[in-house]
Amino acid sequence: KALGKAGVYYGFKLGRTIPWYHGFPFDTVSHPQYMGSVFTIWGAAILGYTPAHWAAGMHVMVLLWTVFYIVTTYIEDETKGG
């Protein structure tokens, strides 16, 4: 089923009733899109790693990006449902 305009644009935060989906992968991982993003970031960092990247501070960027996803996950979990 399509989410519709209200589901895509955070309609639940604007008072719309949006049905929550609880099947796979959400029954296994609460934020599968964020997990996939973090795995992609780390995979790219590991596969493309060179000493020049380390010297340029890429490891700091990867760590910060991961922390931002963790914080966003926490915020979404705390404010779920409005």
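Sequential numbering of the sequence shown, starting at 176, is according to my numbering.
Note that beta-carbon positions come from the ideal geometry of N, C-alpha and C, so glycine has one too.
Heavy atom of the ligand ZN within 7 Å of Thr241 beta-carbon: By its list of ligands, the structure shown contains no ligand whatsoever, and the ligand ZN lies outside what it can speak to.
Three-state secondary structure assigned by DSSP to Thr248: Residue numbering aside, residue 248 sits at position 73 when the sequence shown is read from its first letter. Reduced to three states, the DSSP call for Thr248 is helix.
Cα-Cα separation between Arg191 and Pro207, rounded to whole angstroms: Looking up residue 191 in the sequence shown gives position 16. Looking up residue 207 in the sequence shown gives position 32. When only Cα atoms are considered, Arg191 and Pro207 end up about 24 Å apart.
C-beta contact flag for Thr241 and Val213 at 8 Å: Residue mapping note: residue 241 aligns to position 66 of the sequence shown, counting from 1. Residue mapping note: residue 213 aligns to position 38 of the sequence shown, counting from 1. Result yes, Cβ atoms of Thr241 and Val213 sit closer than 8 Å.
Interface flag, Glu253 vs chain B, CB-CB below 8 Å: Considering every chain present, this structure includes no chain B. It has just one protein chain.
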